Amino acid sequence: MANIALPAPRITDASGHYDLSILDNPRARSYYRRFDGILIIVLFSFLALGISIHYALTAGDWDYWIDWRDRRWWPLVTPLSLMMFIGGFVYPIWKAFRLPVIATAVTTLLCLVSWVSRYFNFGQFTDFPLSFTFPSTYIGLGVIFDSVLIMTRSLLISAIVGPFLFGALIWPLNWPLFAASKVPVEYSGTLVSVADLMGYQYIRTTTPEYLRIIEESTLRTFGGSVTPLTAVFSAFVAVIGYSLFLLLGAALYNFAGRYARRII
Amino acid sequence: MSEVKAAQYGYEVPTDYMEETAAGGGLAGHLRRNRLAYIGGALLLAVGIGIRIYQQMMSFSVGMDFYEPEFQTYWMPLLYGEVIVLGSIMVLGSIYMWMTREKDAASITPEVELKRYFTLLGVFTVLGVWAALIGALAVESDAAWHQVAIRDTDFTPTHIVIFYFSLPLLTAILIPTFIWAHTRIPAFMNRISVPFLGVVAGIFMIMPNYGFNEWGHTFFYAEELFAAPIHWGFVVLGWSLFFLGPLAVQLIQRMAQLISVVTTGRDCMIADR
Amino acid sequence: MNTAKSRSPARYLGNALVLGVLVLLALPMEAVAHGERAQLASMRMRTLHWFDIEVSPVRVNVGDTIVITGKFIPSEFWPEQLPSVTDTAFLNVGAPGPKFIRVHSEVNGVPMIRSTAFEPGKLYEFKSVVRARVPGRYHIHPLLNVKDAGTLVGKGSWVEVEPSPTGEPFTNEITTLTGETVDLENVGLKSVIGWHLVWILVGVAFLAYWLAKPELFIPRYMRVRNLGPEQANTMITRRDFLAGGIFFTISMVLILAGYLWAEHKYPVTIPLQTGKVGVPGRPVPSGPLVVEVENANYELAGRSLTMRMKLANEGDSPIEIREFVTANIRFINGPAAAAGVVENEELVAGDSLHSSVSTIAPGQHVDVVLRAEDSLWETQRMTGLIHDPDSRFAGLLVYRDAEGKRYYQEVGGSILPKFF
Numbered sequence: 001m002a003n004i005a006l007p008a009p010r011i012t013d014a015s016g017h018y019d020l021s022i023l024d025n026p027r028a029r030s031y032y033r034r035f036d037g038i039l040i041i042v043l044f045s046f047l048a049l050g051i052s053i054h055y056a057l058t059a060g061d062w063d064y065w066i067d068w069r070d071r072r073w074w075p076l077v078t079p080l081s082l083m084m085f086i087g088g089f090v091y092p093i094w095k096a097f098r099l100p101v102i103a104t105a106v107t108t109l110l111c112l113v114s115w116v117s118r119y120f121n122f123g124q125f126t127d128f129p130l131s132f133t134f135p136s137t138y139i140g141l142g143v144i145f146d147s148v149l150i151m152t153r154s155l156l157i158s159a160i161v162g163p164f165l166f167g168a169l170i171w172p173l174n175w176p177l178f179a180a181s182k183v184p185v186e187y188s189g190t191l192v193s194v195a196d197l198m199g200y201q202y203i204r205t206t207t208p209e210y211l212r213i214i215e216e217s218t219l220r221t222f223g224g225s226v227t228p229l230t231a232v233f234s235a236f237v238a239v240i241g242y243s244l245f246l247l248l249g250a251a252l253y254n255f256a257g258r259y260a261r262r263i264i
Numbered sequence: 001m002s003e004v005k006a007a008q009y010g011y012e013v014p015t016d017y018m019e020e021t022a023a024g025g026g027l028a029g030h031l032r033r034n035r036l037a038y039i040g041g042a043l044l045l046a047v048g049i050g051i052r053i054y055q056q057m058m059s060f061s062v063g064m065d066f067y068e069p070e071f072q073t074y075w076m077p078l079l080y081g082e083v084i085v086l087g088s089i090m091v092l093g094s095i096y097m098w099m100t101r102e103k104d105a106a107s108i109t110p111e112v113e114l115k116r117y118f119t120l121l122g123v124f125t126v127l128g129v130w131a132a133l134i135g136a137l138a139v140e141s142d143a144a145w146h147q148v149a150i151r152d153t154d155f156t157p158t159h160i161v162i163f164y165f166s167l168p169l170l171t172a173i174l175i176p177t178f179i180w181a182h183t184r185i186p187a188f189m190n191r192i193s194v195p196f197l198g199v200v201a202g203i204f205m206i207m208p209n210y211g212f213n214e215w216g217h218t219f220f221y222a223e224e225l226f227a228a229p230i231h232w233g234f235v236v237l238g239w240s241l242f243f244l245g246p247l248a249v250q251l252i253q254r255m256a257q258l259i260s261v262v263t264t265g266r267d268c269m270i271a272d273r
Numbered sequence: 001m002n003t004a005k006s007r008s009p010a011r012y013l014g015n016a017l018v019l020g021v022l023v024l025l026a027l028p029m030e031a032v033a034h035g036e037r038a039q040l041a042s043m044r045m046r047t048l049h050w051f052d053i054e055v056s057p058v059r060v061n062v063g064d065t066i067v068i069t070g071k072f073i074p075s076e077f078w079p080e081q082l083p084s085v086t087d088t089a090f091l092n093v094g095a096p097g098p099k100f101i102r103v104h105s106e107v108n109g110v111p112m113i114r115s116t117a118f119e120p121g122k123l124y125e126f127k128s129v130v131r132a133r134v135p136g137r138y139h140i141h142p143l144l145n146v147k148d149a150g151t152l153v154g155k156g157s158w159v160e161v162e163p164s165p166t167g168e169p170f171t172n173e174i175t176t177l178t179g180e181t182v183d184l185e186n187v188g189l190k191s192v193i194g195w196h197l198v199w200i201l202v203g204v205a206f207l208a209y210w211l212a213k214p215e216l217f218i219p220r221y222m223r224v225r226n227l228g229p230e231q232a233n234t235m236i237t238r239r240d241f242l243a244g245g246i247f248f249t250i251s252m253v254l255i256l257a258g259y260l261w262a263e264h265k266y267p268v269t270i271p272l273q274t275g276k277v278g279v280p281g282r283p284v285p286s287g288p289l290v291v292e293v294e295n296a297n298y299e300l301a302g303r304s305l306t307m308r309m310k311l312a313n314e315g316d317s318p319i320e321i322r323e324f325v326t327a328n329i330r331f332i333n334g335p336a337a338a339a340g341v342v343e344n345e346e347l348v349a350g351d352s353l354h355s356s357v358s359t360i361a362p363g364q365h366v367d368v369v370l371r372a373e374d375s376l377w378e379t380q381r382m383t384g385l386i387h388d389p390d391s392r393f394a395g396l397l398v399y400r401d402a403e404g405k406r407y408y409q410e411v412g413g414s415i416l417p418k419f420f
């Protein structure tokens, strides 16, 4: 039996190369498939937990209620939050496997857990109608992001183009979901949108109207172009947020991806 | 069988190696090989669904006021039970794993080592089932609760489910698993996997963060904005999962070699000159 | 064989689950009160004085309306360290989720769809109209959300909501300014679900393309390592590039199509509406009584608050002390029935207010010892008063003249505990 040397302390320090003929060995392949299946389940389920916690606590409120999804804050906060989490995972998965799937995986998993959660937690548990609490969709942005990484094959270029599109396209992607709730209504002599009215009618004891962080009137809207302006700024913010977390992911992979002699 | 392979690959293939072979083929073999994941996963699924049904039925009915006698009847015993069960699993499990540690790494054959890697992955799969349940059912239930109910004490029903059970359960199983891996798997023995520690520590940090959260809510933050800075500490859990990438690579580096040795008798790693 | 099957563990587990659910179903399902008792006693006494709260009717069917009326006075003893009600506040309803929808709310006649602000020492009369949505028995309160100070709860009442006699599901139809009638229970939901399904399909197809590759984690890792950082990008094949391009294009086209579809279907939309409205406060009808609080004690053993005060009646009619209201509790001088108690009213303590002088004659200056004594101090956890870092109290003194006209004003000050 061959004597196997222990792996190098750092995963990036591993020296030598592989005899790839093992990849054609059917028994080895059955092991690989088994490992693939397990890792997909483990990785995806923890991604689902990670994104649901990360997203809930950095942008959750904007996604819970339709009367929070405005055109100035929601499209800014949401891409930043998502891009941060995605950024932390892209580097290791790209570096080790050249698999450009993280953004799509995260956005799709978030969509699925959000639907389960809105139905059971906001619907069955606290009785809100789904028309008021349905999740937004980000899958299109995830697919675009990953496709950019595939086509550029560059972490650097995709770090600029991918998050830029992610931030810029979030509003048009979700507009078909939101438009119905932005139709004007007159209520008690006040102009409100359908979404505002739902926020008023469906009683949220500890979520008062003023708690919403949404667009308020400013003196200047530069010709009323709030949405495109937000899209560009959001794109910028997404690039910064993503890049920082890409670097964090790289640091964890290159420096923390190791065995230590002792804890301290 | 081995002769065929020997002819095909030009080397002797050990036949007694595989857990795969021992378990048999087809669906039955698959189930037998992954019995830890299936049984453990099913068990946690049942526990998770059960406690979620309990939360659904008992939160708004008898869980809105800590000072009502009903709360003391239906919620506090659950809390005490959770703390006792999880505390015992963590403490006794850790002690057991340490006391029964492997003393001699050299005595572990590659077959046994590979099997232990799959056992470790089996535990991760079980925890993955639990993680997905928390992500889908627990996290936002706390948001849904707080945004309609008045915060009274640290023992609101959703907290009793999430902060005293769901999240600590991950820690209660991960810490003994961490000790198990570091005392049973040669690549981890006598040294510490930093990414593994990162995942465990990040998930454990939820508890101290929870302390800060309650302290802050009684002291300076009275609103129920979920994305408020006071809650950002919990994001550490999400971020600690960034260590999963490096951890997966650590597992893969060793398993690639083990699989080669176990299936062909040769290490697939060729040292550079 | 059959017997063996029926004794399988799965069967037992199933039976146990069914039994468990049945036991849960059989448990008493009566909702308990909100968690207001956990709030500091001094905070409950010194923020808002709620009174005259009436919830009616208290038994309705789904779809019927309930009116919540009452008054509140923001305290002039508002704790310095607590963000003030003069900044931003919102009149709300305390209910366990949207078991009701709010169809109207107003303070002093001003609609309260938006947030507002209030002045301490002024009187505000409010009204909220809610429509029952989900059957059940609920404890509902009026309440005020004060920015950064949190929820300040008024007195609650139990209401019972029965299912609609016709069995019709709850609907909430409104007409928009564009002339369409929509049901807010499911407005736009069909297209939301439709678009979500489209995108889930795209996302799953993308993931399937990559995860269904014959070689995944371990083989790809080995190949990437062997190729080295310079060559590793060749792992992304021409086919992958093409697939990436197709997914990119499909996504872009779908986004554009969805946007144009929505613009076409909903040509008239507005941004979310927010902002504050002003609401004038009314003067508190304090009448001719001048009150000066000298000191106050809380007796732990006697569960009583004793206030010593100088009262001066500057009017021409005798004044009779009727009530002391604090933290939503009414301490009444005399029997409760005589004090206008409404149906289902809680936190009323009859014969609990003892005054050394009950009636103050016109022109009389008198020292009065007023004692509010009831076990409600204990059950409402007001005894926490002595553990507060800021031991002050406040409450509403209610009195009336010979014609029965009611007056009230706020009293408050320091409080000293008596432990024995």
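Here the protein sequences come in this chain order: A, B and C. Numbering of the first sequence is given in the working numbering, commencing with residue 1 and proceeding in unit increments. Numbering of the second sequence is given in the working numbering, commencing with residue 1 and proceeding in unit increments. Numbering of the third sequence is given in the working numbering, commencing with residue 1 and proceeding in unit increments. Note that the Cβ used here is the ideal one computed from N, Cα and C, for glycine as well. Just so we're clear, the structure is a prediction, and the values are computed from it rather than from any experiment.
Query	Result
One or two residues paired with H387/C in a DSSP bridge	None, per the DSSP bridge assignment.
Opening and closing residue of the beta strand (DSSP E) in which P417/C lies	L416 to K418
contact_flag[the region 73-82 of chain C, the region 42-49 of chain C] where n(CB pairs < 8 Å) is 3 or more	yes
Minimum C-alpha distance to T178/C - residue among M252/C, K265/C and V161/C	K265/C
Contact with chain C by G257/A, beta-carbon distance below 8 Å	no
A372/C - partner residues in DSSP beta bridges	L305/C and L353/C
Whether A195/A touches L82/C by CB criterion (8 Å)	no
Proximal residues of chain B, C-beta to C-beta of V153/C below 8 Å	I150
Buried or exposed by the 16-neighbour rule on C-beta atoms within 10 Å, applied to Q55/B	buried
From A5/A, L20/A and S114/A, residue whose alpha carbon lies closest to that of L227/C	L20/A
G156/C and F72/C closer than 8 Å at C-beta	no
Short Cβ contact (8 Å threshold) for Y408/C with P176/A	no
Per-residue burial, S61/B [other beta carbons within 10 Å of its own, 16 or more giving buried]	buried
Element boundaries [alpha helix (DSSP H), containing F132/A]	L130 to T133
Residue burial classification, Q380/C (beta-carbon count within 10 angstroms, cutoff 16)	buried
Nearest-angstrom Cα separation, counted from G122/B out to G40/B	9 Å
Within 8 Å, strictly: CB atoms of T126/A and A144/B	yes
Exposed unless 16 or more other CB atoms sit within 10 angstroms - verdict on I49/B	exposed
Option nearest S414/C by Cα separation, candidates R406/C, R392/C and D401/C	R392/C
Proximity test, Cβ basis, 8 Å: M76/B and chain E	In the structure shown, chain E cannot be found, because the protein chains are A, B and C.
Exposure of G203/C, with buried meaning 16 or more beta-carbon neighbours within 10 Å	buried
Neighbouring residues, chain B, relative to A124/A (Cβ below 7 Å)	Note that residue 124/A is Gln in the sequence shown here, rather than Ala. Q56, listed in chain order.
Sequence-distant residues of the same chain with beta carbon closer than 7 Å to S260/B, five excluded per side	R266, D267 and C268
Supposed contact pair V262/B and E111/B - C-beta distance, whole angstroms, cut 8 Å	6 Å
Cutoff 6 Å; reference H365/C; Cβ partners in own chain excluding five residues on either side	A312
Three or more C-beta pairs below 8 Å linking the region 117-132 of chain C and the region 93-107 of chain C	yes
Residues from the region 190-224 of chain B in contact with chain C, defined by Cβ distance under 7 Å	A222 and E223
Chain B contacts made by the region 199-231 of chain C, where a contact means CB separation under 8 Å	F217, I218, Y221 and M222
Chain A within 8 Å of V47/B, Cβ atoms only	no
Chain C contact for Y38/B (CB, 8 Å cutoff)	no
Rounded straight-line distance, which links the Cα of P7/A to that of R225/C	14 Å
A132/B and S45/A closer than 8 Å at C-beta	yes
Beta carbon proximity, I252/B to chain C, threshold 8 Å	yes
Short CB-CB distance (under 8 Å) between P246/B and chain A	yes
Cβ-based contacts, 7 Å cut-off: residues of the region 7-25 of chain A near chain B	P7, I11, A14, S15, G16, H17, Y18, D19, I22 and N25
Inter-residue Cα distance where the pair is F118/C and G199/A	22 Å
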